[in-house]
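K.L.:
Each residue of the sequence shown is one higher than the one before, starting from 199 at the first, in the numbering used here.
Beta carbons: idealized from backbone N, C-alpha and C, even for Gly.
My questions will all concern the structure given below.
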Amino acid sequence: MNIENPQFGPKIPSKQEIQWKKVRAEVEEMADALGEGIDEGIKETVIAFNINEIPTSQSCEGHFEDGSDHGFPAPWVTISAPNEPEWRYKNEEETLEYKKWYEENKKLFAKVEVLLKEFYTGRDVPEEVRIIIDKMDNVFDVHNGGKFFIPNDRKERLQTELTEEERQRIPKVLKNCQKEMQDFTDFLKKKYFSNETQA
């Protein structure tokens with residue numbers, strides 16, 4: 199203890215620590231359409247995206263078990279602006295609400311693109327492990343897995359698109375992909391706590 203500057207009691211948490219705990223509590227309450235909570239192996243990633251003002255709408259830690267038709271053999275997170283309009287079209291024209299929502303998604307895409315570029319500066323990883331942005335119609339997924347990113351309910355694709363040797367490697371690829379996603383999560387967390395992404 200420093201006599202000139204004594205400290206008594208527990209450390210007072212920073213604003214960032216308080217906010218992190220708040221977002222963690224919100225994530226703990228989230229559930230999918232089946233009432234299942236967020237996979238443990240992707241919770242920190244979901245928290246890190248949301249705390250950096252990148253809202254998520256779906257996620258999976260990555261799965262690959264014999265007989266399973268659940269998920270993909272790589273972790274993924276779907277990014278989507280909140281308040282998606284109920285209707286995209288009115289009288290065959292896109293609604294103003296949809297256009298605004300879509301513009302927000304484009305901003306989120308650009309933000310994640312910048313973060314991934316920074317994360318991969320000086321970082322060399324195999325293509326199958328590298329995290330990418332996979333744009334869909336109006337939202338996007340952040341995932342890795344390369345050619346291994348095949349839904350587990352499409353077993354025939356595993357047979358036709360991967361060699362036997364590659365199929366044998368899927369559990370190892372999954373583990374490497376999960377580690378890479380955790381490294382990206384740590385990067386996002388560090389950015390948040392260093393206050394670089396805050397307005």
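Going by DSSP, which residues form a beta bridge with F338?
P.N.:
As a first step, residue 338 must be located in the sequence shown, where it is residue number 140. BP columns for F338 point to I277, K333.
K.L.:
Once the 5 residues before and after I249 are set aside, which same chain residues still bring their CB inside 7 Å of it?
P.N.:
On the sequence shown, position 51 is the one that residue 249 refers to. Correct list, in chain order: Q217, W218, V221, Y390.
K.L.:
Exposed or buried, what is S257 when buried is set at 16 or more other beta-carbons lying within 10 Å of its beta-carbon?
P.N.:
The count along the sequence shown starts at 1 and reaches residue 257 at position 59. Burial call: buried.
K.L.:
Evaluate N176 with the Cβ neighbour count: other Cβ atoms within 10 Å of its Cβ, from every protein chain shown; 16 or more gives buried, anything less gives exposed.
P.N.:
The chain is shown from 199 up to 397; residue 176 falls before or after that span and cannot be answered.
K.L.:
Rounded to a whole number of angstroms, what is the C-alpha to C-alpha distance between V337 and E282?
P.N.:
Translated into positions along the sequence shown, residue 337 becomes position 139. Translated into positions along the sequence shown, residue 282 becomes position 84. Each residue's alpha carbon lies about 10 Å from the other.
K.L.:
Tell me whether K298 sits in a helix, a strand or coil according to DSSP, three-state version.
P.N.:
Position 100 of the sequence shown, counted from the start, is the residue given in the question as residue 298. K298: helix per DSSP, three-state reduction.
K.L.:
Could you tell me how far apart the beta carbons of A246 and T383 are, in whole angstroms, since I believe they sit closer than 8 Å?
P.N.:
Taking the first residue of the sequence shown as position 1, residue 246 is located at position 48. Taking the first residue of the sequence shown as position 1, residue 383 is located at position 185. Confirmed, about 5 Å.
K.L.:
Pick helix, strand or coil for A397, following the three-state DSSP scheme.
P.N.:
Within the sequence shown, residue 397 is the residue found at index 199, counting from 1. Note that A397 has pLDDT 42, beneath the 50 cutoff, so the model's placement of it is unreliable and no number is given.
K.L.:
Go ahead and label L386 buried or exposed: buried means 16 or more other beta carbons lie within 10 angstroms of its beta carbon, across all protein chains shown.
P.N.:
Residue 386 sits at position 188 when you count from the first residue of the sequence shown. Buried: at least 16 other Cβ atoms inside 10 Å.
K.L.:
Count the other C-beta atoms from every protein chain shown that fall within 10 angstroms of the C-beta of A397, then say buried if there are 16 or more, exposed otherwise.
P.N.:
Your numbering for residue 397 matches position 199 in the sequence shown. Reliability of the predicted coordinates at A397 is poor, the pLDDT of 42 falling under 50, and the value obtained from them is presented with this limitation in mind. Label assigned to A397: exposed.
K.L.:
Can the beta-carbon of G343 be found closer than 7 Å to that of E325?
P.N.:
Position 145 of the sequence shown holds residue 343. Position 127 of the sequence shown holds residue 325. No, the Cβ-Cβ distance between G343 and E325 is not below 7 Å.
K.L.:
Applying the criterion that 16 or more other CB atoms from any shown protein chain within 10 Å of the CB defines a buried residue, is M379 buried or exposed?
P.N.:
Here residue 379 is taken as the residue at index 181 of the sequence shown, counted from 1. Flag for M379 reads buried.
K.L.:
Could you say which of E359, K373, S278 lies nearest to F307 if we only look at CA atoms?
P.N.:
Counting from 1 along the sequence shown, the entry for residue 307 is found at position 109. Among E359, K373, S278, the Cα nearest to that of F307 is on S278.
K.L.:
Cβ of F347 within 7 Å of Cβ of F262?
P.N.:
Position 149 of the sequence shown, counted from the first residue, corresponds to residue 347. Position 64 of the sequence shown, counted from the first residue, corresponds to residue 262. Contact flag unset, no.
K.L.:
When the Cα atoms are used, what is the spatial distance from K388 to Q376?
P.N.:
Counting from 1 along the sequence shown, the entry for residue 388 is found at position 190. Counting from 1 along the sequence shown, the entry for residue 376 is found at position 178. Distance between the alpha carbons of K388 and Q376 is about 18 Å.
K.L.:
Apart from the five residues on each side of it in sequence, which residues of its chain come closer than 6 Å, Cβ to Cβ, to T395?
P.N.:
By one-based count along the sequence shown, residue 395 stands at place 197. At T395, the pLDDT of 47 sits below 50, so the modelled position is not reliable and the matter cannot be decided from this model.
K.L.:
Below 8 Å on the Cβ atoms is my contact criterion, and I expect I329 with V312 to pass it. Report the Cβ-Cβ distance as a whole number of Å.
P.N.:
Counting from 1 along the sequence shown, the entry for residue 329 is found at position 131. Counting from 1 along the sequence shown, the entry for residue 312 is found at position 114. In fact, because the Cβ distance is near 13 Å, the residues do not count as touching under 8 Å.
K.L.:
DSSP three-state label for Y139, please.
P.N.:
With the chain represented from 199 up to 397, any question about residue 139 goes unanswered, as that position is not in the structure.
K.L.:
Indicate the three-state DSSP secondary structure (helix, strand or coil) for E326 in the structure shown.
P.N.:
The count along the sequence shown starts at 1 and reaches residue 326 at position 128. E326: coil per DSSP, three-state reduction.
K.L.:
My assumption, with CB atoms under 8 Å, is that G235 sits in contact with M228. Please give the rounded CB distance.
P.N.:
Here residue 235 corresponds to residue number 37 of the sequence shown, with the count starting at 1. Here residue 228 corresponds to residue number 30 of the sequence shown, with the count starting at 1. Indeed, because the Cβ distance is near 7 Å, the residues count as touching under 8 Å.
K.L.:
Between E215 and the rest of its own chain, which residues show a CB-CB distance below 7 Å, the 5 nearest in sequence each way excluded?
P.N.:
Indexing the sequence shown from 1 puts residue 215 at position 17. Within the same chain, E215 has no close Cβ partners at all.
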